[in-house]
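Enquirer: Residues 186 to 261 in this note's numbering are what the sequence shown lists, from first letter to last. We treat Cβ as the ideally placed atom computed from N, Cα and C, and that holds for glycine.
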Amino acid sequence: MALSYKARRRWSLVILLIGLPAYIIAAVAVIALFDRPPFWIELVVYVGLGIIWAIPFKFVFKGVGQEDPQKADTPK
186 MALSYKARRR WSLVILLIGL PAYIIAAVAV IALFDRPPFW IELVVYVGLG
236 IIWAIPFKFV FKGVGQEDPQ KADTPK
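Structure follows, in structure tokens:
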């Protein structure tokens, strides 16, 4: 079932305002469980976790910054 443009915009806002901060806190907590690694390892872990976090939500964010496709069909 495909999400409408309006639903994707709403879900993207929820993901960015609630999901992303929660994910950042979780990632920092996971790193804090171990002794603080060197900077470059920590950077690689955070970048990797950031990419892994974004992949499942790619379909939600795709095309959200553009004009509503159904609204674009109607003449102005």
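Return the Cβ separation of A212 and L234 in integer angstroms, given the expectation that the two are a contact with Cβ distance under 8 angstroms.
Expert: Numbered from 1 along the sequence shown, position 27 holds the residue referred to as residue 212. Numbered from 1 along the sequence shown, position 49 holds the residue referred to as residue 234. Right, the Cβ-Cβ distance comes to about 5 angstroms (below 8 angstroms), so this counts as a contact.
Enquirer: May I ask which residues mark the beginning and end of the alpha helix (DSSP H) holding L205?
Expert: For the purposes of this step, residue 205 is taken as the residue at position 20 of the sequence shown. Run containing L205: L205 to L218, per the alpha helix (DSSP H) assignment.
Enquirer: Can you list, in chain order, the residues of its chain with a C-beta nearer than 7 angstroms to that of V249? Leave out the 5 residues immediately preceding and following it.
Expert: By one-based count along the sequence shown, residue 249 stands at place 64. The residues are R193, R194 and S197.
Enquirer: Please report the straight-line C-alpha distance between D220 and I209, rounded to a whole angstrom.
Expert: For the purposes of this step, residue 220 is taken as the residue at position 35 of the sequence shown. For the purposes of this step, residue 209 is taken as the residue at position 24 of the sequence shown. If you take the alpha carbons of D220 and I209, they lie about 18 angstroms apart.
Enquirer: Would you mind working out which of F246, Q251 and L228 sits nearest L188, comparing C-alpha positions?
Expert: By 1-based counting over the sequence shown, the position of residue 188 is 3. Per the Cα distances, F246.
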